[in-house]
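K.L.:
Got a structure for you, written out below as structure tokens; questions coming shortly.
In my numbering, the protein residues as written are 1 to 85.
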């Protein structure tokens, strides 16, 4: 799966959790580098959704803003986890 498709799916996951998590620009575009604010419940929902959607396991040590702080960061993490060694 390519980066663009992963990014679209991550965006869908966040929208389904809470439409306010994905900030759209006035022209309807989304800045994937913009920070997302997640409370502890939404972090858990996000991790479960990512694990189910992409068939990966998210390590507890990766529950940081450096990994799940934006759509781009989440996308890059998924790319690393799903890439073939």
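Each residue gets a CB set at the ideal place from its N, CA and C atoms; glycine is no exception.
Just so you know, these numbers come straight off a predicted model, no measurement behind them.
Closest to residue 86 by C-alpha separation, out of 49, 67, 22, would be which residue?
P.N.:
There is no way to answer for residue 86, as the model of the chain reaches only from 1 to 85.
K.L.:
So the candidates are 77, 55, 29; which of them puts its Cα closest to the Cα of residue 65?
P.N.:
With distances taken between Cα atoms, residue 65 lies closest to 77.
K.L.:
Pick out whichever of 82, 38, 24 has its Cα sitting closest to the Cα of residue 52.
P.N.:
For the residues 82, 38, 24, the minimum Cα distance to residue 52 belongs to 82.
K.L.:
Using 8 Å as the threshold, is the C-beta distance between residue 37 and residue 31 below it?
P.N.:
Taking 8 Å as the Cβ cut-off, residue 37 and residue 31 do not qualify as a contacting pair.
K.L.:
Along the alpha helix (DSSP H) that carries residue 56, what are the first and last residues, could you check?
P.N.:
No alpha helix (DSSP H) contains residue 56, which DSSP labels as neither H nor E.
K.L.:
Around the C-beta of residue 58, are 16 or more other C-beta atoms found within 10 angstroms, so that it is buried, or is it exposed?
P.N.:
Buried: at least 16 other Cβ atoms inside 10 Å.
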